[in-house]
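Have a look at the structure below, then the notes.
Numbering (my numbering), first residue to last: 8 to 829.
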């Protein structure tokens, strides 16, 4: 056994580092976090200095055991988890576990940090070990405790007043508020009409288009003309004054420098990968993780291609800058290298996560050289990172902008501008993407013909064009990350998880790469903004992030910070629990009255989502409910459209002496005959579907169910079933795998019992044991042999034990999700 144990987070990283360190080291992975707060109330105890109760993460128990076993025989233990506060916390948790198991004693236990996985960086890190940084651990613990306390206290309030199973998060909720407020801006937006006037000029060497800047002696602005008649009258006046030509009155030429953008931080990488590559934030971070942990590069072996990708620093190391400057001189000439290295200032108030920007570990590894070793996503992202880092250390681009004013008579004037590149500088390598095309961007690349004052430029035509102002755009992943960063909400490692949580909770949906809040998301946001205003306030959230940063720098203690937050928060929650009992559920919108029965019609969030309701609980007649169609919202649906929804369920007729109906339920539109339900296809409209089509869907469903059972045994709950991904074993509560070399129909009860015990996992989906029994052919019960009796008893005992364990795990998971925070 090796004398030294080094612990990292991922197995891929462990494999790479193991090659660098040699036989004296055992390198093991923790597989991320090893402990988390117990998923139940009381995991954080505010009455005892916010003491936190941790439990091993079940899926990582075997990895922790492997680390403990190796630690027992090791002389020295090195904690080499990621170089940020999350990584610092993981190292602390591993150390605490080893101490609790009495496996450290007088052994050397040290923390080593590296921001790239290369032989040089690993050697340097091992030569300069340090202690675990308590301030970083305290900051992460405080963040986790805050997220827990917010989740466990606010989420139950949402369950009572909006919908069961919802969650409220400390950082997630302000992010949701941004998306919802943008949607409300769009809905409230009233388009304004305006007109532009342009001249198509026929210069002998090159035609061009000029924009009107002066009309009737006055500056022409966006809303100078707001209707077609005024626009046409103005156009005719200009045509008459121009008499077929415009006259050059002024030519100005201005040279300017454009500096390259800073090398990537986590935020800017996510934004640029979204704009240029179409990557989601999650996809960007997954691909970057692989590039960081190591890729096999031919004879060079496995090597990390980029530095650590969770950072808010724009600094580059002196060695990295020196190598980049050499590459620039080699590939683009010495003229492309500035006299002094370019430096950049971070926008972040606490740029400490990895202390260096994202960059290639060696600029000598050009995208062209490594592309054949990379998958397409990795190749594209590496090229983006390499180009951005190299361009950041190049000379500015030199641009020349020429503006020409052209008169139409004495009262009217047009202007045209063009920008040409004199020296491309960094633009030879990289140009930053933009969310929207700015007006000045249209001029870039346009080269104007040579003109001087007094020139007469022939006219082709003058035209007026109608426009309407547009609402602000919905957030894309790039623009949302940018907004979160500008407001100071969240930190580099949290942006992807914030977005993932909002999508997972179905608070928002991504359509055409833009965020649309769902009705449930809007209800949650409006409820929190109305009753817990401070805790979804952007400035409050940003201030709390700053306070946590102060803890990470050792400038503030974490417990006083927690006390300042907890006392007023707890009091508000208690006050609201009492006062909200008198408040109606979230987001009820009264649409009007039913013209036939006179009952009130409203739109609201129900137990299973958005719906419309006819009547109230005070009426003698019970309220009627109807689900919304796809694309409808409780915030915009009209009374007329709502009344249409109450036409369901529809009775289509009789078939096989049973009534066939169609309706909309929790899982969408369905057809029903007797007790059998069948989902409608996308092309089926529940308001127009006919009897024959509904019957065909129902019988198709029954046929699938009939063919689902491959084998079953009398007196046993276990069945061999056909599933979506092939045959499997199930007892209705647990699903088990079938060996690839076995014919499913040949399995015995003893075999399936053992397989279910060994491979069983909690069953998911809507096909339960009871549903399959309804369409299964009943067989007469056979007399059971004593051996089978024992087998049955053993099977039930095993299944019961496994089910209990699975249920306990499921409860833990649900509670943890409700309290989790992005």
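Just so you know, even glycine gets a beta-carbon here, dropped at the ideal spot from N, CA and C.
As the structure is a computational prediction, the values presented were derived from the model and not from experiment.
If you follow the alpha helix (DSSP H) that residue i is in, where does it begin and where does it stop?
{"i": "residue 18", "result": "18-28"}
{"i": "residue 532", "result": "526-538"}
{"i": "residue 294", "result": "288-300"}
{"i": "residue 743", "result": "Careful: residue 743 lies outside any alpha helix (DSSP H), inside the beta strand (DSSP E) at 741-743."}
{"i": "residue 334", "result": "325-339"}
{"i": "residue 377", "result": "374-377"}
{"i": "residue 511", "result": "502-511"}
So for residue i, helix, strand or coil by DSSP?
{"i": "residue 40", "result": "coil"}
{"i": "residue 475", "result": "strand"}
{"i": "residue 657", "result": "strand"}
{"i": "residue 305", "result": "helix"}
{"i": "residue 259", "result": "strand"}
{"i": "residue 759", "result": "helix"}
{"i": "residue 104", "result": "helix"}
{"i": "residue 319", "result": "coil"}
{"i": "residue 555", "result": "helix"}
{"i": "residue 352", "result": "coil"}
{"i": "residue 253", "result": "strand"}
{"i": "residue 522", "result": "strand"}
{"i": "residue 459", "result": "coil"}
{"i": "residue 74", "result": "helix"}
{"i": "residue 487", "result": "helix"}
{"i": "residue 468", "result": "strand"}
{"i": "residue 769", "result": "strand"}
{"i": "residue 384", "result": "helix"}
{"i": "residue 370", "result": "coil"}
Could you pull the start and end residues of the beta strand (DSSP E) that residue i belongs to?
{"i": "residue 202", "result": "200-209"}
{"i": "residue 632", "result": "631-634"}
{"i": "residue 683", "result": "683-686"}
{"i": "residue 246", "result": "It is not in any beta strand (DSSP E) - residue 246 instead sits in the alpha helix (DSSP H) that spans 235-249."}
{"i": "residue 515", "result": "515-518"}
In the DSSP assignment, what residue or residues form a beta bridge with residue i?
{"i": "residue 58", "result": "52"}
{"i": "residue 85", "result": "13, 117"}
{"i": "residue 271", "result": "365"}
{"i": "residue 216", "result": "207"}
{"i": "residue 676", "result": "671"}
{"i": "residue 64", "result": "Its beta-bridge partners do not exist; DSSP assigns none."}
{"i": "residue 310", "result": "302"}
{"i": "residue 642", "result": "Answer by DSSP bridge pairing: none, since residue 642 is not bridged."}
{"i": "residue 32", "result": "11"}
{"i": "residue 232", "result": "Paired residue(s): none; residue 232 is not in a bridge."}
{"i": "residue 225", "result": "222"}
{"i": "residue 264", "result": "405"}
{"i": "residue 665", "result": "662"}
{"i": "residue 276", "result": "The partner list for residue 276 (beta bridge, DSSP) is empty, contrary to what the question assumes."}
{"i": "residue 481", "result": "BP columns for residue 481 are empty, so no partner."}
{"i": "residue 550", "result": "Residue 550 is not bridged to any residue."}
For residue i, does the count of other Cβ atoms within 10 angstroms reach 16, so buried, or fall short, so exposed?
{"i": "residue 323", "result": "buried"}
{"i": "residue 543", "result": "buried"}
{"i": "residue 135", "result": "exposed"}
{"i": "residue 286", "result": "buried"}
{"i": "residue 538", "result": "buried"}
{"i": "residue 126", "result": "exposed"}
{"i": "residue 654", "result": "exposed"}
{"i": "residue 55", "result": "exposed"}
{"i": "residue 509", "result": "buried"}
{"i": "residue 714", "result": "exposed"}
{"i": "residue 13", "result": "buried"}
{"i": "residue 42", "result": "buried"}
{"i": "residue 643", "result": "exposed"}
{"i": "residue 794", "result": "Because the pLDDT at residue 794 is just 42, under 50, the model does not fix this residue reliably, and the point stays unresolved."}
{"i": "residue 186", "result": "buried"}
{"i": "residue 696", "result": "buried"}
Do residue i and the ligand NAP come close, with the Cβ less than 6 Å from some heavy atom?
{"i": "residue 423", "result": "Absence of the ligand NAP from the depicted structure is noted, as is the absence of any ligand whatsoever, leaving it without description."}
| What are the start and end residues of each continuous beta strand (DSSP E) run of 3 or more residues lying completely inside the segment 695-737, in chain order? | 716-719, 726-730, 733-737
| Quick one: complete alpha helix (DSSP H) runs, 4+ long, within the segment 390-455? | 446-450
| request: Identify every run of the alpha helix (DSSP H) within the segment 125-206, keeping only runs that are complete inside it and at least 4 residues long; order them along the chain. | output: 126-134, 141-168, 179-195
| request: Just list the alpha helix (DSSP H) runs in the segment 560-638, keeping only unbroken ones of 4 residues or longer that don't cross its boundaries, in chain order. | output: 565-586
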